[in-house]
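Here the structure is laid out as structure tokens; the discussion comes afterwards.
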Amino acid sequence: MHDSLDEIERYVITKVKDIREQRGISQTSLSLAIGKSTSYISDIEAHSKTAKYNIKSLNLIAIALGCSIKDFLPDEPIREKKYDFIKEIEIKNKS
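Okay, so the sequence shown: first residue is 1 according to the working numbering, each after it adds one.
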């Protein structure tokens with residue numbers, strides 16, 4: 001797994017993979033269905049590179065898999081330790 005991926009990115013990659021597998025669609029078939037190279041999905045799912053999905057690709061994948069783009073996202077925001085500064089800024093701005 002590549003350390004440069006955030007937890008939210010790993011979550012989305014895993015959700016796409018789960019739905020793809022539930023639909024019985026191969027990595028290559030999905031890659032081709034969205035107009036990408038045959039290794040596009042496998043490179044992302046391998047977590048071995050910094051490759052990740054962008055919004056446009058997620059939209060195309062949702063269409064190809066017959067689901068909503070929301071199906072790839074968690075119900076609640078994923079809070080990572082490195083995002084702790086966000087709360088501090090919000091508190092300072094309320095003063």
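No residue lacks a Cβ here, since even glycine has one placed at the ideal position from N, Cα and C. This one's a predicted model, so the numbers in the text were calculated from it and none came from an experiment.
query, result
"Taking only three categories from DSSP, how would you classify ALA46?", "coil"
"Can you check which of these residues, GLY35, SER31, ARG23, ILE55, is closest to GLU45 by C-alpha distance?", "SER31"
"Reducing DSSP to helix, strand and coil, say where SER37 ends up.", "coil"
"Going by other Cβ atoms of all chains shown within 10 Å of its Cβ, with 16 needed for buried, is GLN27 buried or exposed?", "buried"
"Would you mind giving the Cβ-Cβ distance between TYR40 and ILE13, rounded to the nearest angstrom? I have them listed as a contact below 8 Å.", "With a Cβ gap of about 12 Å, TYR40 and ILE13 do not count as contacting."
"With distance defined between alpha-carbon atoms, name the residue in SER57, ARG10, LEU65, SER42 nearest to ARG23.", "LEU65"
"Quick check on GLU7: does DSSP put it in helix, strand or coil?", "helix"
"Between which two residues does the alpha helix (DSSP H) containing LEU65 stretch?", "55-65"
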